[in-house]
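Visitor: Here you go, one structure.
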Amino acid sequence: MYKLTDSVPYLLNRAGVRIAEVFAQRIAEDNLSVAMYRVLAMLKERRESTLGDLADVVSVEISTLSRLVGTLAKRKLVSRTRPEDNGRIVIVRLTPQGEAMTERLMPLAVELERTAVQDMSDEEVAALKKALRRMHSNLPAISGKGKVAS
């Protein structure tokens, strides 16, 4: 019999919400949201990204991301440019101030992840990450109507 509290989506959400709540408290003094931090951290990894690619990787709607990036740009944490050959694309990059803030906050994220998985072996953590990536890659197979596509 199905039990909500034993379902994978419920358990994932419960853990994710708790981690996000704790991290949000830790970065609140920097006046950042978790989504803003994710943008900064992803740009640290990639150096630059289009708004569309960032929205996909950070898992937010592009309209929401556009507002977040606008706020980060006003705070001089990111820069936005349009290539001369394609004015429809917006390229987002970290500024030196954004890079410094990200480097200062990343250890908080690492510490929180370590706390969340502290009773797990390295192998269990690796297996969990692999399973989560696989689950994410399976989801495009689900149509907008909630049925598995054939």
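Residue numbers (the UniProt record's numbering): 1 to 150. Beta carbons: idealized from backbone N, C-alpha and C, even for Gly. This structure is a prediction, so every number in the text was calculated from the model and none was measured.
1. I'd like the list of long-range same chain contacts for Leu108, defined as Cβ closer than 6 Å, with 5 residues on each side in sequence excluded.
2. Grab me the residues of Val39's own chain with a C-beta within less than 8 Å of its C-beta, minus the 5 sequence neighbours each way, in chain order.
3. Under the three-state reduction of DSSP, which class applies to Thr64: helix, strand or coil?
4. If you count every other CB in all the chains shown that lies within 10 Å of the CB of Thr102, and 16 or more means buried, which is it?
5. Nearest-angstrom Cα distance between Arg104 and Thr5?
6. Count the CB pairs spanning the stretch 116 to 123 and the stretch 81 to 101 that are closer than 8 Å, and state whether there are at least three.
7. Using beta-carbon positions only, say whether Val90 and Thr50 come within less than 8 Å of one another.
Guide: Result, derived from the coordinates:
1. Same-chain partners within the cutoff: Arg26.
2. Contacts found: Leu54, Val58, Leu65, Leu68, Val69, Leu72, Val78, Val92.
3. Secondary structure at Thr64: helix, using DSSP grouped into helix, strand and coil.
4. So Thr102 counts as buried.
5. Between Arg104 and Thr5, the C-alpha separation is close to 36 Å.
6. No: fewer than three Cβ pairs fall under 8 Å.
7. Taking 8 Å as the Cβ cut-off, Val90 and Thr50 qualify as a contacting pair.
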